[in-house]
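**Student:** Structure incoming, see below.
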Amino acid sequence: MTAPVVALSNLQRSYGSKPVVDIDRAVLPGGTTALLGPNGSGKTTLLEMLATVAAPDRGSVLVDGNDLSDPAQQLTVRRSLGYMAQENRLPSRMRVREYCDYVAALKEIGPRRARLQWTDWLLHQADLVDKRDARMGTLSGGMQRRLLLAQSLLGHPRLVVLDEPLVSLDAAHRSTVVRLIAASAGERTTVVATHHSDELAAVCQHVIVLIGGRVAFAGPPAALAAQADGMVWETPTPIEHPSVRALGPNRFRIVGPEPANAVAAQPTVHDGYLAVASGISGSFGGSQ
Amino acid sequence: MNEIERQLGAAAADPQHLAGPIPGPGSDAPLLDRRIENGLHAMHAELDAPSEPRLARLLRRIGVPDLVIPLVTATPGLRRSWFAAVTIAVLFALSAASNNQAVGVDRIGVFLTLAPLVPLLGVALAFGKGVDPTHDLVVAAPRDTFAVFLIRATTVLIASSILLLLCAVVLPAGGAYRLAWLLPSLAITATTMWLSATWPAQRVAAVIASGWVLGVLVASGAASTAATFGPVMQGLSGALAVVASWALFRHRQHFNGAGGR
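So the protein lines, in turn, are chains Z and V. Heads up, the final residue of the first sequence is numbered 288 in this note's numbering, and it's a clean run with no missing numbers. Heads up, the final residue of the second sequence is numbered 1261 in this note's numbering, and it's a clean run with no missing numbers.
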């Protein structure tokens, strides 16, 4: 089974008079797409529309040809949809195992024996087997994040929409989550909003950068990295620059004009993103 | 023979059988690995299978469908703490009315005014973005969002009604009037559910609850309790309950669309 293709056309959603998402045209192919952008760039609103929890003011979202504005076609998409919201909103008094059972019932998985089997799978994926009888409110932020990610994969959805899945996770669990996202990439379309662009780059086939609700870049990760060609520098001296990142003692990395005592560095996806976000990239290799 | 014995017996005869027909979690692996993984999850699930919570067992015994049970037990308004608070509030109001009988406060009138608000507020707290942390999941799931709303509303309505019937029993007088809250309760709750298709349930509930209390106060100023909650109000309430329920079903698609309610 091939992964579904998501097509966005004239998509707009506003809060008040200000459009938060305003996309003329974009296509999210099968595999994993990373959605990058600064805070307030419309990533969460776009993901909410893909996950059918928010409706566009105008325009259309087609998932494998199914129009999300049509109730019957929307139901078809929901039957193979997994969604992880940005916030850890969980019923604090519910036990972990009851929550898994509840989510499985929402996804129409039955009878109870099948839900128990899925619950066992879900707890293993989230590395929370020992916490199955704990109340949700007692879980740490990272545990809640892992549980939310695992529930989004319950039932093997073909379209998975993840909003900041790596937030609050330690390095070990981040790599587990990246592995989970990468699994079945050929059969699934996964859209991931993230600020951890370099960590996801290895498993992404496609990147979209949203700036002010518009697509500023769309293309493969290598093409995004290439946006910063000749603009990435490492220097031992602290420097005042919006893109400066400390890589270690006496090692600073910037994307921009060459500073003093600097050596050129190989651009990464994150460097490319910074170049696009700051509007200094040489040429836009991607398209809407 | 339990699930483990069944799986092991079948696997001994044919290793390919392991969890074969079970639409299981194992997915990202070749077919044989997938079946083995499914078998392991089935065994783990069997070994770790917890006994169902008491409420779930009770619901199963009275014939509630399997897929509905987790939705009922997860209803946000169905908390012991909420029911305890409501019971205490109603009993406190009755007690206060009892102490003030000397100055003309009508105890049955207080009960009949307050009782319809309990299911109304319960329903308002059972569903919606503001009160249910899993609301986005409910909307994005294939399960009919309107059905989830109805299941939760019905659950709270039944539980609240049982609670109020118990409270009515402790009233020393009033006769059949002790049940005169039932139809008004259905009417204002159904109206709230219908209007929730368009506006947030909590806001609608606040407006309707205020309107109800105000209406009863005005009506009871001009007539006795028996007249206020008499046949005219019962007839109007019954008619409103029917109309609101019909309108609710007509607007069911508002709950299922993107964003739900």
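Just so you know, even glycine gets a beta-carbon here, dropped at the ideal spot from N, CA and C. Please read all numbers here as calculations on a predicted model, not as lab measurements.
Step through the CB atoms of chain V and report whether any lies within less than 8 Å of the CB of Tyr102 (chain Z).
**Tutor:** For the purposes of this step, residue 102 (chain Z) is taken as the residue at position 102 of the first sequence. Tyr102 (chain Z) counts as touching chain V.
**Student:** Can you pull the chain Z neighbours of Asp1066 (chain V), defined as C-beta to C-beta under 8 Å?
**Tutor:** For the purposes of this step, residue 1066 (chain V) is taken as the residue at position 66 of the second sequence. Those are Gly110, Pro111, Arg112, listed as they occur along chain Z.
**Student:** Is Ala34 (chain Z) near Gly186 (chain Z), with beta carbons less than 8 Å apart?
**Tutor:** Taking the first residue of the first sequence as 1, we reach residue 34 (chain Z) at position 34. Taking the first residue of the first sequence as 1, we reach residue 186 (chain Z) at position 186. Against a cut-off of 8 Å, the Cβ pair of Gly186 (chain Z) and Ala34 (chain Z) comes out as no contact.
**Student:** Which two residues bound the contiguous beta strand (DSSP E) that contains Ile181 (chain Z)?
**Tutor:** Taking the first sequence and counting its residues from 1, the one referred to as residue 181 (chain Z) is at position 181. Note, Ile181 (chain Z): premise wrong, no beta strand (DSSP E); alpha helix (DSSP H) at 171–182.
**Student:** Would you mind stating whether Pro1200 (chain V) and Gly1130 (chain V) have Cβ atoms separated by less than 8 Å?
**Tutor:** Within the second sequence, the letter at position 200 stands for residue 1200 (chain V). Within the second sequence, the letter at position 130 stands for residue 1130 (chain V). It is a contact, given that the beta carbons lie within the stated cut-off.
**Student:** Going residue by residue through the stretch 237–280 of chain Z, where are the continuous alpha helix (DSSP H) segments of at least 4 residues, counting only ones entirely within it?
**Tutor:** Whole alpha helix (DSSP H) segments, 4+ residues: 269–277.
**Student:** If we ignore side chains and look at the alpha-carbon of each, how far apart do Arg1143 (chain V) and Ser197 (chain Z) end up?
**Tutor:** Residue 1143 (chain V) sits at position 143 when you count from the first residue of the second sequence. Residue 197 (chain Z) sits at position 197 when you count from the first residue of the first sequence. Cα to Cα, the separation comes out at about 34 Å.
**Student:** Would you mind working out which of Z:Pro19, Z:Val20, Z:Ser17, Z:Asp24 sits nearest Val10 (chain Z), comparing C-alpha positions?
**Tutor:** Position 10 of the first sequence, counting from 1, holds the residue named residue 10 (chain Z). According to the sequence as given, residue 10 (chain Z) is Asn; it is not Val. Of Z:Pro19, Z:Val20, Z:Ser17, Z:Asp24, the residue nearest in Cα terms is Z:Asp24.
**Student:** Measuring only the C-alpha atoms, how far is Trp121 (chain Z) from Leu162 (chain Z)?
**Tutor:** As a first step, residue 121 (chain Z) must be located in the first sequence, where it is residue number 121. As a first step, residue 162 (chain Z) must be located in the first sequence, where it is residue number 162. Cα to Cα, Trp121 (chain Z) sits roughly 19 Å from Leu162 (chain Z).
**Student:** Whole angstroms is fine: what's the gap from Tyr102 (chain Z)'s alpha carbon to Ala54 (chain Z)'s?
**Tutor:** Residue numbering aside, residue 102 (chain Z) sits at position 102 when the first sequence is read from its first letter. Residue numbering aside, residue 54 (chain Z) sits at position 54 when the first sequence is read from its first letter. About 22 Å.
**Student:** On a Cα-Cα basis, can you pick out the residue from V:Thr1155, V:Asn1256, V:Ala1089 that is closest to Leu1055 (chain V)?
**Tutor:** Translated into the one-based positions of the second sequence, residue 1055 (chain V) becomes position 55. Per the Cα distances, V:Thr1155.
**Student:** Quick one: residues in its chain with C-beta nearer than 8 Å to the C-beta of Thr1192 (chain V), no 5 flanking neighbours on either side, listed in chain order?
**Tutor:** Start at 1 with the first residue of the second sequence, and residue 1192 (chain V) comes out as number 192. The answer, listed in chain order, is Leu1120, Val1123, Ala1124, Ala1201, Val1204, Ala1205, Ile1208.
**Student:** Could one say the Cβ of Val1138 (chain V) lies closer than 8 Å to chain Z's Cβ atoms, at least one of them?
**Tutor:** Walking along the second sequence from the start, residue 1138 (chain V) turns up at place 138. Chain Z contact via Cβ: present.
**Student:** Can you round the beta-carbon distance between Arg253 (chain Z) and Val232 (chain Z) to whole angstroms, since I take them to be within the 8 Å contact cut?
**Tutor:** Within the first sequence, numbered from 1, the residue matching residue 253 (chain Z) stands at position 253. Within the first sequence, numbered from 1, the residue matching residue 232 (chain Z) stands at position 232. Going by Cβ atoms, the distance from Arg253 (chain Z) to Val232 (chain Z) rounds to 7 Å, so yes, they are a contact pair.
**Student:** In this structure, does DSSP put Trp1181 (chain V) in helix, strand or coil?
**Tutor:** Mapped onto the second sequence, residue 1181 (chain V) falls at position 181. Coil at Trp1181 (chain V), not helix or strand.
**Student:** Spatial neighbours of Pro111 (chain Z) within its chain, please: C-beta separation below 8 Å, excluding the five flanking residues on both sides.
**Tutor:** As a position in the first sequence, residue 111 (chain Z) is number 111, starting the count at 1. So no residue of the chain qualifies.
**Student:** Keeping to the same chain, check which residues put their C-beta closer than 6 Å to that of Ser1237 (chain V); ignore five residues upstream and five downstream.
**Tutor:** As a first step, residue 1237 (chain V) is located in the second sequence; it is residue number 237 there, counting from the start. Closer than 6 Å at the Cβ level, and outside the excluded window around Ser1237 (chain V), lie Leu1183, Pro1184, Ala1187.
**Student:** Could you work out which residues of chain Z lie near Arg1178 (chain V), taking near to mean beta carbons separated by less than 7 Å?
**Tutor:** In the second sequence, residue 1178 (chain V) corresponds to position 178, counting from 1. What Arg1178 (chain V) touches in chain Z: nothing, since even the nearest Cβ is about 34 Å away.
**Student:** Quick test of your reading: Thr190 (chain Z) and Thr32 (chain Z), contact by CB under 8 Å. State the CB separation rounded to the nearest angstrom.
**Tutor:** Looking up residue 190 (chain Z) in the first sequence gives position 190. Looking up residue 32 (chain Z) in the first sequence gives position 32. So it is a contact: roughly 5 Å between Cβ atoms.
**Student:** Please classify Asn39 (chain Z): is it buried, with 16 or more other beta-carbons within 10 angstroms of its beta-carbon, or exposed?
**Tutor:** Reading the first sequence from its first residue, position 39 is the one you call residue 39 (chain Z). That one is exposed.
**Student:** So what's Asn10 (chain Z) in DSSP terms, helix, strand or just coil?
**Tutor:** As a position in the first sequence, residue 10 (chain Z) is number 10, starting the count at 1. DSSP places Asn10 (chain Z) in strand when its eight states are reduced to three.
**Student:** Short check: CB of Gly256 (chain Z) to CB of Ile280 (chain Z), under 8 Å?
**Tutor:** The count along the first sequence starts at 1 and reaches residue 256 (chain Z) at position 256. The count along the first sequence starts at 1 and reaches residue 280 (chain Z) at position 280. Yes, the pair counts as a contact, with Cβ atoms nearer than the cut-off.
**Student:** Using a Cβ-Cβ cut-off of 8 Å (strictly less than) and excluding sequence neighbours within five positions of Gly59 (chain Z), which residues of its own chain qualify?
**Tutor:** Here residue 59 (chain Z) refers to the residue found at position 59 of the first sequence. Within the same chain, Gly59 (chain Z) has close Cβ partners Leu8, Ser9, Asn10, Leu11, Gln12, Ile23.
**Student:** Roughly how far, in whole angstroms, is the beta-carbon of Val21 (chain Z) from the beta-carbon of Leu46 (chain Z), given that I think they are within contact range, below 8 Å?
**Tutor:** Locating residue 21 (chain Z) in the first sequence gives position 21, where the first residue counts as 1. Locating residue 46 (chain Z) in the first sequence gives position 46, where the first residue counts as 1. That belief holds up - the Cβ atoms of Val21 (chain Z) and Leu46 (chain Z) are roughly 5 Å apart, short of 8 Å.
**Student:** Is Trp1212 (chain V) helix, strand or coil when you go by DSSP?
**Tutor:** Against the second sequence, residue 1212 (chain V) aligns to sequence position 212. In the structure shown, Trp1212 (chain V) sits in a helix (DSSP, three-state: H, G or I).
**Student:** Given this structure, state the Cα-to-Cα distance separating Thr119 (chain Z) from Ala104 (chain Z), to the nearest angstrom.
**Tutor:** Numbered from 1 along the first sequence, position 119 holds the residue referred to as residue 119 (chain Z). Numbered from 1 along the first sequence, position 104 holds the residue referred to as residue 104 (chain Z). Each residue's Cα considered, the two are about 8 Å apart.
**Student:** With a cut-off of 8 Å, does the C-beta of Tyr15 (chain Z) fall near any C-beta of chain V?
**Tutor:** Along the first sequence, read from residue 1 onward, the residue named residue 15 (chain Z) stands at position 15. Answer no: the Cβ-Cβ gap between Tyr15 (chain Z) and chain V never drops below 8 Å.
**Student:** With 16 as the cutoff for other CB atoms within 10 Å, does Ser1160 (chain V) come out buried or exposed?
**Tutor:** Within the second sequence, the letter at position 160 stands for residue 1160 (chain V). Buried, since its Cβ has 16 or more Cβ neighbours within 10 Å.
**Student:** Which residues, in chain order, does the stretch 228–250 of chain Z contribute to contact with chain V at a C-beta distance below 8 Å?
**Tutor:** Those residues of the stretch 228–250 of chain Z that come within reach of chain V (Cβ to Cβ, closer than 8 Å) do not exist; the list is empty.
**Student:** Along the alpha helix (DSSP H) that carries Val1123 (chain V), what are the first and last residues, could you check?
**Tutor:** As a first step, residue 1123 (chain V) is located in the second sequence; it is residue number 123 there, counting from the start. Here the alpha helix (DSSP H) through Val1123 (chain V) covers 1117–1124.
**Student:** What does DSSP give as the partner residues of Lys18 (chain Z) in its beta bridges?
**Tutor:** For the purposes of this step, residue 18 (chain Z) is taken as residue 18 along the first sequence, with counting starting at 1. Beta-bridge pairing links Lys18 (chain Z) to Z:Tyr15.
**Student:** Would you identify the three-state DSSP class for Gly31 (chain Z), choosing helix, strand or coil?
**Tutor:** As a position in the first sequence, residue 31 (chain Z) is number 31, starting the count at 1. Strand.
**Student:** One question on the structure: do Leu1163 (chain V) and Trp1181 (chain V) come within less than 8 Å of each other, judged by their Cβ atoms?
**Tutor:** Position 163 of the second sequence, counted from the start, is the residue given in the question as residue 1163 (chain V). Position 181 of the second sequence, counted from the start, is the residue given in the question as residue 1181 (chain V). No.
**Student:** Would you please state the rounded distance, in angstroms, between the beta carbons of Val96 (chain Z) and Leu159 (chain Z)? I believe it to be under 8 Å.
**Tutor:** One-based indexing of the first sequence puts residue 96 (chain Z) at position 96. One-based indexing of the first sequence puts residue 159 (chain Z) at position 159. So it is not a contact: roughly 25 Å between Cβ atoms.
**Student:** Quick check: what's the CA-CA separation for Ser210 (chain Z) versus Ser278 (chain Z)?
**Tutor:** Along the first sequence, one-based indexing puts residue 210 (chain Z) at 210. Along the first sequence, one-based indexing puts residue 278 (chain Z) at 278. The sequence given here places Leu at residue 210 (chain Z); Ser does not occur at that position. Cα to Cα, Leu210 (chain Z) sits roughly 12 Å from Ser278 (chain Z).
**Student:** For Val232 (chain Z), which residues does DSSP report across the bridge?
**Tutor:** If you number the first sequence from 1, residue 232 (chain Z) lands on position 232. Note: Val232 (chain Z) sits in a beta bridge opposite Z:Val255.
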